[in-house]
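Encoded as structure tokens, the structure appears first; notes follow it.
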Amino acid sequence: QEVIVIQNEHLQLTFNGTTGLLSSMKNLDSGLFLPVVQNFYWYQGSKGNAENIQTSGAYIFRPNVSTPLPISPKAQLDVVKGRLVEEVRQTFSPWCQQVVRLYQGSRHAEFEWHVGSIPIVDHLGREIITRFDTPLRTKGLFLTDANGREMLTRRRNFRPTWKLNNSEPVAGNYYPITSTLAMKDEKAQVTLVTDRSQGGSSMKDGSLELMIHRRLLFDDFRGVGEALNETGANGQGLTIRGRHLLFLAPPDSSARLSRLAGELQLSEPQLVFGTLHKKSR
Amino acid sequence: RAESTVLRQAMAVAQHHDAVTGTEKQHVANDYAWQLSRGWLACETVIKNALYNLSGNTDKLSICPLLNISLCSVTESEKQFRVMLYNPLGREIAWNVRVPVQGRAYTVANHAGKPLDSQVMPQFFLGLYHHGKSHKPSVNELVFQASAPPLGFSTYTVTSQKGNVARPSPPQRVQH
């Protein structure tokens, strides 16, 4: 199919049938429509260069170029639709998969991603990001939360209290995201809610990115004395599964939606399962 | 033994900046994980005791710590089970419950016996836990929309429908 659509009462997501990537999002309540392309990319961790021997490691994020490479330009698709949830399942590579879901009644799209073990057979350190690209005119501004409380406005290559000489074009624009990363123009706001603390940025207007996994092969000389190359019991690199919530709404109503959803992400209900004893059965 | 002190102490240790930022050596990371895991296990008993007291039921209660990667021996093996949702927030919540199951059709009812809408779908991520060997997922996921009162709990009963074929879990999945 050329176009694949999933929707609930509040949102509609469209996927490009050729690339398998998300192509647009529509808020059915407000009528807001926004082209959105989402994909996974990787920055190659620096091994140090003639200019600076600093490597990318546990303390230091230093990619060797400013442009991340896509893990795959296309995703293989599988679509499941039912009464309670409609979902698109994307396979980008054997170690990178994602499900995009719309639950009945939900005002956000859920992106559940599964990344790892990051391959290192080519001896390259990889720092994996998810990126959402839109045509929003954000004028170099984006918003990050301050430990889940106040939302702070950030401006690319700028600090409010001193003149910044940014020698690291990517890392110098990364900020801690405890729960929320957002961008907006006059009409629309795109908000991403995380399920854990991550690093994130807006490297160009209309774009949001979050770092979701890293596997690096060199120590960064800051004290840890080891490369950030954590392995599980099977000796392979770690596999990580997580969740992002994506909101598209007018700027005036965005905060209320994302704040309540973020609270629920942080304090999700505890599930306990009961099996009947033979007597009571 | 039911106690929350073990987890409290593990959390205190994990306030060290190395644990917060992930800048510790690997063997220290392993120790942080071990301490948190011990603390969590001790707290499971606290939670279960509290729910026994609050609900007054005689079910054998279990917590599935690997539910985040769709593994839960109770829901995968039992033809009938209860799901209790404890809500730690001070407002009523709606939550989409997703549990791994072997069968293809289930009935879900709330505490009053009223049936709810539910959906069974094949699991997607399952193949990735087989050390890179791709295989067709054999286990499904049951989805239903639950709600829970502020700082309280709700209970749902899930029953496998007749003719629902249940298959045992592959042993390597359980081990993993």
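First to last, the protein sequences are chains X and R.
Per this note's numbering, the first sequence starts with residue 6, numbered consecutively.
Per this note's numbering, the second sequence starts with residue 11, numbered consecutively.
Here a beta-carbon is modelled for each residue, glycine too, at the ideal position from N, C-alpha and C.
From a predicted model like this one, the values you see are computed outputs, not experimental measurements.
So for residue i, helix, strand or coil by DSSP?
i	result
X/Lys-189	strand
R/Asn-59	helix
R/His-26	coil
X/Gly-204	strand
X/Arg-159	strand
R/Gln-36	helix
R/Ser-144	Note on R/Ser-144: pLDDT 45, under 50, position unreliable in the model; the coordinate value appears next. Three-state DSSP puts R/Ser-144 in coil, outside helix and strand.
R/Thr-169	strand
X/Asp-83	strand
X/Tyr-179	coil
R/Gly-49	helix
X/Leu-5	The requested residue 5 of chain X is not part of the displayed model; chain X covers only 6 to 286.
R/Ala-20	helix
X/Asp-138	strand
X/Ile-123	coil
R/Asn-120	coil
X/Thr-236	strand
R/Ile-73	coil
R/Thr-68	coil
X/Tyr-46	strand
X/Asn-32	strand
X/Tyr-108	strand
X/Ile-65	coil
X/Thr-149	strand
R/Glu-43	Note that residue 43 of chain R corresponds to Ala in the displayed sequence, not to Glu. It is helical.
Between the alpha carbons of residue i and residue j, how many angstroms are there, rounded?
i	j	result
X/Glu-117	R/Met-21	27 Å
R/Cys-82	R/Asn-150	12 Å
X/His-218	X/Thr-196	20 Å
R/Ser-65	X/Gln-103	38 Å
X/Ser-172	R/Met-131	49 Å
X/Arg-286	X/Glu-115	Summary for X/Arg-286: the model assigns pLDDT 47, below 50, so the residue's position carries little reliability, and this model does not support an answer.
X/Arg-106	X/Ala-187	20 Å
X/Met-156	X/Ala-55	39 Å
R/Gly-123	R/Gln-155	15 Å
R/Gln-133	X/Lys-52	39 Å
R/Thr-15	X/Ser-272	20 Å
R/Ala-12	R/Trp-44	18 Å
X/Tyr-108	X/Glu-91	7 Å
X/Asn-239	R/Asn-40	14 Å
R/Leu-76	R/Leu-61	20 Å
X/Lys-192	X/Ala-266	22 Å
R/Ser-80	X/Leu-250	19 Å
R/Pro-147	X/Arg-94	For R/Pro-147, the pLDDT reaches just 44, beneath the cut-off of 50, and the residue's location in the model is therefore unreliable, although a value from the coordinates is still provided. The straight-line gap from Cα to Cα measures roughly 13 Å.
R/Gln-19	X/Lys-31	47 Å
X/Ala-80	X/Glu-235	27 Å
R/Lys-172	R/Asn-67	26 Å
R/Ala-29	X/Asp-34	43 Å
R/Ser-87	X/Leu-243	28 Å
R/Lys-89	X/Val-229	50 Å
X/Leu-39	X/Thr-199	21 Å
Compute the beta-carbon to beta-carbon distance between residue i and residue j, rounded to the nearest angstrom, for a pair I have assumed lies under 8 Å.
i	j	result
R/Ala-104	R/Ser-157	5 Å
R/Thr-169	R/Thr-117	5 Å
X/Gly-211	X/Pro-256	The Cβ separation is near 15 Å, so there is no contact.
R/Asp-127	R/Arg-92	Not confirmed; about 18 Å, so no contact.
X/Val-42	X/Ser-28	6 Å
Using the Cβ count rule (16 or more neighbours within 10 Å means buried), how would you classify residue i?
i	result
X/Leu-262	buried
R/Thr-165	buried
X/Ser-184	buried
X/His-15	buried
X/Ile-58	exposed
R/His-140	The predicted model places R/His-140 with a pLDDT of 47, which falls under 50 and marks its position as unreliable, so this point remains unresolved.
X/Gln-203	buried
R/His-27	exposed
X/Asp-225	buried
X/Ala-63	buried
X/Glu-7	exposed
R/Gln-25	exposed
X/Asn-44	buried
By the DSSP assignment, the alpha helix (DSSP H) with residue i in it spans what residues?
i	result
R/Val-84	83 to 87
X/Arg-261	256 to 271
For the beta strand (DSSP E) that contains residue i, what are its first and last residues?
i	result
X/Val-4	Because chain X spans 6 through 286 in this model, residue 4 of chain X falls outside it and cannot be assessed.
R/Gln-129	128 to 132
X/Gln-59	That residue, X/Gln-59, is in no beta strand (DSSP E); it is neither H nor E in DSSP.
X/Ala-114	114 to 120
X/Leu-213	212 to 220
X/Phe-20	16 to 21
X/Thr-196	194 to 199
X/Gly-279	275 to 280
R/Arg-108	103 to 111
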